[in-house]
Amino acid sequence: MNPDDVLEARAFSPASVGNVAVGFDILGHVIAGVGDTVTVRRTDVPGVRILAIRGTTVDLPLVAADNTAGAALLAMIDALALPFGFELEIDKGIALGSGMGGSAASCVAALVAANALLDTPLSREALYPFALTGEAVASGGRHGDNLGPMLLGGLVLSTADRLVSIPVPAGWYSLLVHPDAVLETRRARAALQGSYHLSEFVTQSANLALVLSGCFRGDADLVRAGLRDVLVEPRRAGLIEGFAAARDAALAAGALGASISGAGPSVFAWFDSQAAAQAAQHAVQDAFAVAGFDSQGWVSPLNAPGACLL
1 MNPDDVLEAR AFSPASVGNV AVGFDILGHV IAGVGDTVTV RRTDVPGVRI
51 LAIRGTTVDL PLVAADNTAG AALLAMIDAL ALPFGFELEI DKGIALGSGM
101 GGSAASCVAA LVAANALLDT PLSREALYPF ALTGEAVASG GRHGDNLGPM
151 LLGGLVLSTA DRLVSIPVPA GWYSLLVHPD AVLETRRARA ALQGSYHLSE
201 FVTQSANLAL VLSGCFRGDA DLVRAGLRDV LVEPRRAGLI EGFAAARDAA
251 LAAGALGASI SGAGPSVFAW FDSQAAAQAA QHAVQDAFAV AGFDSQGWVS
301 PLNAPGACLL
């Protein structure tokens, strides 16, 4: 190792809204203002060691293979045949089971930091397969709806092997409200078992097309026509006390659409102005308060940046 080589890097990954009502497991966008920070050190010792986990959630595996951040770095080491290893410290700003991409954020932050320590850093897209491996540790599946936006920023369509940034007008904002409750991703996914009608898929496909078309064209009316979930929300809504009232409060305040963020229990809503999103925040939080929950809220540009080095 060259004495001049950088041996430590620190990166931040913001939270995200997964699914975005119409793109289950494939569509997501960043939420600025909250996220995870990971410090990575390059070492001569092979493998990955997690030295500490601090913050909102500390009851997480210290064994690298069982931790999203550790598993992602192990995948990177294996794929690139790296002759060195990593040590990392994780500072959690996102609660797990919040529907805000908590497992994905530490995974992406770890990869972005470790990437800066490579002799030849990779593109963000090239980090995606490693991130999928890390995310699978927490969720049981290789889906990128949270990973894509965290890696690239903004609104991103994430397939099994491709990330596509979706342009969004600069004046569009998202409101995310997280009630003080936990809904485990595996439980939320279990609620989706069962049969579906073909007509539901047709409607959901049309809604996804309307939302994507509206984003590309900057047409809020198209988004308003399509930003509703007929597949997942009806099957998960009953798991989130106060959800219906919170969603309806956002819609009454002028939201283009509102639904469950990720697996829940957080709720998101899109607006065509920052002022509208800020005004709606109080109404949505009041709805959760009536249901007996304290909550936190964030208003973020839809095209907010993704993970970054600190």
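Each residue of the sequence shown is one higher than the last, beginning at 1 in UniProt numbering. Ideal placement from N, C-alpha and C gives every residue a C-beta, glycine not left out.
Residue span of the alpha helix (DSSP H) that contains residue i, given as start and end
i           : result
residue 149 : 147–152
residue 129 : 124–139
residue 222 : 220–226
residue 200 : 198–217
residue 245 : 243–252
residue 103 : 102–115
residue 258 : First-last for residue 258: 257–260, but that is the beta strand (DSSP E), not the alpha helix (DSSP H).
residue 121 : Counting along the chain, residue 121 falls outside any alpha helix (DSSP H), and DSSP gives it neither H nor E.
residue 184 : Run containing residue 184: none; DSSP gives neither H nor E here.
residue 234 : 233–236
residue 280 : 274–290
Chain-order list of residues whose beta-carbon lies under 6 Å from that of residue i (same chain, five-residue window excluded)
i           : result
residue 97  : 182, 183, 184
residue 13  : 35, 36, 105, 108, 109, 150, 307
residue 210 : 222, 225, 226
residue 46  : 85
residue 91  : 37, 54, 55
residue 241 : 291
residue 294 : 180
residue 89  : 39, 51, 52
residue 1   : Reliability of the predicted coordinates at residue 1 is poor, the pLDDT of 47 falling under 50, and the value obtained from them is presented with this limitation in mind. Cβ neighbours of residue 1 beyond the five flanking positions: none.
residue 76  : 130
Same chain, Cβ closer than 8 Å to residue i, neighbours up to 5 away in sequence not counted
i           : result
residue 201 : 231
residue 10  : 37, 38, 39, 40, 113, 309, 310
residue 66  : 137
Integer Cβ distance of residue i from residue j, believed to fall under 8 Å
i           : j           : result
residue 21  : residue 239 : That belief does not hold up - the Cβ atoms of residue 21 and residue 239 are roughly 16 Å apart, past 8 Å.
residue 261 : residue 149 : Not really, about 12 Å apart at Cβ, beyond 8 Å.
residue 177 : residue 18  : At roughly 15 Å, the Cβ-Cβ gap does not stay under 8 Å, so residue 177 and residue 18 are not in contact.
residue 277 : residue 175 : 5 Å
residue 155 : residue 168 : 5 Å
residue 279 : residue 253 : 6 Å
residue 72  : residue 122 : Not a contact, Cβ separation roughly 13 Å.
For residue i, the nearest candidate out of the options (CA to CA)
i           : options            : result
residue 95  : 59, 143, 108       : 59
residue 235 : 257, 223, 164, 195 : 195
residue 287 : 90, 171, 243       : 243
residue 274 : 296, 284, 291, 302 : 302
residue 171 : 270, 47, 69        : 270
residue 102 : 135, 278, 277, 121 : 135
residue 79  : 91, 92, 126, 89    : 126
residue 216 : 164, 70, 32, 100   : 164
residue 161 : 191, 99, 26, 155   : 26
residue 199 : 282, 252, 207      : 207
residue 173 : 43, 73, 272, 61    : 272
residue 191 : 48, 237, 158       : 237
residue 120 : 265, 69, 82        : 82
Cβ-based neighbour list, residue i, same chain, cut-off 7 Å, excluding 5 preceding and 5 following
i           : result
residue 212 : 166
residue 204 : 22, 230, 231
residue 285 : 177, 295, 297
residue 133 : 71, 72, 75
Residue i, enclosing beta strand (DSSP E) - first and last residue
i           : result
residue 271 : 267–271
residue 156 : 155–158
residue 297 : 295–301
residue 177 : 173–179
residue 194 : Run containing residue 194: none; DSSP gives neither H nor E here.
residue 161 : First-last for residue 161: undefined, no H or E at that position.
residue 88  : 85–92
Could you give the uninterrupted runs of the beta strand (DSSP E) lying entirely in the stretch 15–74, keeping only those of 3 residues or more?
-> Runs of beta strand (DSSP E) with 3 or more residues, each lying fully within the stretch 15–74, are found at 27–43, 48–55, listed in chain order.
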